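Quick notes on the structure that follows.
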Amino acid sequence: MRRTDVLQGVRMMRFRDVFGRCEAGSLSQLEAAEVLGVGERTFRRWCRRFECEGDAGLLDRRLGKPSPKRVPVDEAMRVEALYRERYAGFTVKHFHEHLVKDHGFRWGYTWTKTFLHGRGLAAPAPRRGAHRRKRPRRPLVGMMLHQDGSTHRWLPGRDEEQDMIVSLDDASGAIYSGFLVAEEGTMSSFQGLGEVFGRHGLPCALYTDRASHYFHTPQAGGKVDRDKPSQLGRALAQLGIEHIAAYSPEARGRSERAFRTLQDRLPKELALAGVSTIEGANRFLAETFIPDYNARFAIAPEEPGSAFVAVPAEQWRDVLCVQETRTVGNDNTVRFHGIVLQIPPSSLRPHYVKAKVRVMPLDATRPWISGQLGYADLTTSPQAPQHQQSGQSMCYINRPT
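One gets the working numbering by counting positions in the sequence shown from 1 and adding 4 to each.
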């Protein structure tokens, strides 16, 4: 027996009992209506129908009739055809968003979910695991960023996997930077942070896992060694940004949930857009997908304002790179990744033999030599030495202050 039939039978039994008490004078019509949870006018109408038609007058006349709000059959067939032919594998929510945005669908998500479940096109969501207490979000944007990478077959039609690097805000969940690379590492992390710093400023803290390009971990699964920072850890310390290590996937719940959504939606959106290369995917991410994602999933922070610290790019660009220490040789040269760099003579000191210098890439082809104690005004070597590989590098050194 259907639930509606059972509820209708219970309602009829209650009405007959209350109607008899009302006829006996123990209840007024107003009191009887309150007992049944309806208005006095509705109770009087039921009484008239019961006196004229008996139990048949109490039947809900809506039962058995098609709802005027039901989805037309041809529209339901169109939805099924769209899902089978174009959106197969989409989650119900993702599919319904495209129905509304791209196909003018006027009915709700609940109908779409029930319809797809009934046709066997989408499986019900699995039951969630044990209850966990949710960590409160930071109240201001810029107080903490999450950065993580995810290996997945992001590009449709490609057998190989790519890594996606995402930097998102803890307070709002908005993605500030997202792009695909062949392999996650130090340089991809620097690139993601550089995009955030350039657009928004420096955050207060960065929350990451314990991958080797983030932290040095002497024992697998153990605590990180703060005395041996990675290149990224050194850069964050120089910029005054706190670096927080996560010790479990659950601790990175916000970035893990974001990647679960990205892994489900992004490959399908790339397939719909006909994108199959990393370069095209990164353009699609920056111009289309990330703005749409933030409009759909980002939330308003608890408090207005921002904790980002806006600084000129010159103050962080030279820090956000690989820096290596070298000792100057007897011929005033240093070696950097197979390149011999000649330090030019200076009127301020006779030579730089045995001096400690930091060497860093100025761009993809040119290294930069700076003094150990910090940066100062730079001079360019007037000409490259004979043994230097032409076109690959230029020599820079800071003037002593």
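Every residue gets a Cβ at the ideal spot worked out from N, C-alpha and C, and that includes glycine.
Remember, it's a predicted structure, so these values are computed and weren't measured experimentally.
Between Ser252 and the set Ala262, Gly237 and Asp213, the nearest pair of CA atoms involves Asp213. The region 158-214 contains, as complete beta strand (DSSP E) runs of 3+ residues, the segments 166-173, 179-185 and 209-212 (chain order). Here Ala37 is buried: its Cβ has 16 or more other Cβ atoms, across all protein chains shown, within 10 Å. Its Cα nearest to that of His156, the residue Gln166 stands out among Met148, His150, Gln166 and Leu149. Setting aside the 5 residues that flank it on each side, Gly237 is surrounded in the same chain by His247, each with a C-beta closer than 6 angstroms to its C-beta; the list follows chain order. By the Cβ neighbour-count rule, Ile245 is buried, with 16 or more other Cβ atoms within 10 Å of its own. Non-local C-beta neighbours of Arg18 in its own chain, meaning closer than 7 angstroms and more than five positions away in sequence, comprise Leu40, ordered along the chain. Taken atom to atom, the span from the alpha-carbon of Gly43 to that of Asp78 is near 40 angstroms. Per DSSP, reduced to three states, the secondary structure at Val332 is coil, with no helix or strand assignment.
Following the DSSP letters along the chain, one finds Val104 inside the alpha helix (DSSP H) bounded by residues Val96 to His107.
With a contact defined as Cβ atoms closer than 8 angstroms, Gly196 and Ser171 qualify at about 5 angstroms. In the displayed model, Ala224 falls within coil according to three-state DSSP, outside both helix and strand. Residue environment for Ala317: exposed (fewer than 16 other C-beta atoms within 10 angstroms of its C-beta). Shown here, Asp152 sits in a strand according to DSSP, grouped into three states. Straight across, the Cα-Cα distance linking Thr329 with Lys360 is about 7 angstroms. When C-beta atoms of the region 81-91 are compared with those of the region 59-67, fewer than three pairs fall below 8 angstroms, so the two segments do not count as touching. In this structure Leu243 touches Val323 by the C-beta definition: roughly 6 angstroms separates them, less than 8 angstroms. Between Thr95 and Ser154, the alpha-carbon positions lie close to 20 angstroms from each other. Residues of the same chain with a CB within less than 8 angstroms of the CB of Ala250, apart from the 5 flanking positions on each side, are Tyr211, Thr212, Asp213, Arg214 and Arg256 in chain order.
DSSP places Val361 inside the beta strand (DSSP E), whose first and last residues are Lys360 to Pro365. Taking a contact as a CB-CB distance under 8 angstroms, the pair Phe119 and Val83 counts as one, their CB atoms being some 7 angstroms apart. In the DSSP annotation of this structure, the continuous segment of the alpha helix (DSSP H) that includes Leu274 starts and ends at Gly257 to Ala277. Taking 4 residues as the shortest admissible run, the region 301-347 contains the following complete alpha helix (DSSP H) segments, listed from N- to C-terminal end: 317-321. Shown here, Ile245 sits in coil according to DSSP, grouped into three states, outside any helix or strand. Under DSSP, Ser350 shares a beta bridge with Arg353.
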